[in-house]
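Asker: Be aware that the sequence shown starts at 1, since it is given in full-length UniProt numbering, and climbs by one per residue.
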Amino acid sequence: MSIYSEGTLKIYTSHPIQPTGPSDQPEYCMNQLRSFAMTDTADTFRQGATAFRNARDWTKKQRDKAIRRANERALDSQIGTLATDASFSRAVSFTASAPSQISLNKGSNTTADSPELETSTDELASDYALPAKRSKRN
C-alpha cells in the first residue's frame, strides 16, 4: 500500500498474523517500508517513483498468480462436481420408477407442485417503492 500526501510518498506492507484462538479471525499488521520526500531532489523523486513502480509491478504479478490458482481450483472443483453429477444421474435413472415433474408458474418463484409455498420473492418485494427522482436544477 502506498500513500502520497503533501509531497511525501510512504510505502507500506501488510501481512496476516495467526489468530489467538481457534475460532478467531486472522488479523493483519501493517508496517512502513520506506518514505520519500518527492519534492526534495530529482534523485529522491526517481528513487520514490522507482520503488512505487516496482511495488506495483510485483503486486500485479502476485495478484495474477493468485487469480490463476483460484481459477485452477474452481475448474478442478467443477470437474469433480460434473463427474459426481454424471454418476448420480446414471444411478437415479436406473432407480426412478416414475418421472418427477416440476413446473414453474409464469412470473413466480414458486413451483406448481409445492402448495406449502404461497409467496414468492417477487411478491414480497412488490411492496417496496423506489424513491422519486430529483429534478435537475438549471
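In this text, a Cβ means the ideal position worked out from N, Cα and C, and glycines have one as well.
Quick one: what does DSSP say residue 23 is sitting in, helix, strand or coil?
Answerer: Residue 23 falls in the coil class under three-state DSSP.
Asker: Taking the alpha-carbon of residue 9 as reference, which of 61, 69, 32 has the nearest alpha-carbon?
Answerer: For residue 9, the nearest C-alpha among the options comes from 32.
Asker: Helix, strand or coil for residue 81? Go by DSSP, reduced to three states.
Answerer: Note: residue 81 maps to helix in three-state DSSP.
Asker: Can you give me the Cβ contacts of residue 18 inside the same chain, cut-off strictly under 8 Å, excluding the 5 residues immediately before and after it?
Answerer: So the list reads 26, once near-sequence residues are dropped.
Asker: Please state whether DSSP places residue 13 in a helix, a strand or coil.
Answerer: DSSP places residue 13 in strand when its eight states are reduced to three.
Asker: Where DSSP assigns a beta bridge to residue 34, which residues make up the other side?
Answerer: In the DSSP output, where bridge partners are listed per residue, residue 34 has 11.
Asker: According to the Cβ coordinates, are residue 11 and residue 5 closer than 9 Å?
Answerer: No, Cβ-Cβ distance for residue 11 and residue 5 is not below 9 Å.
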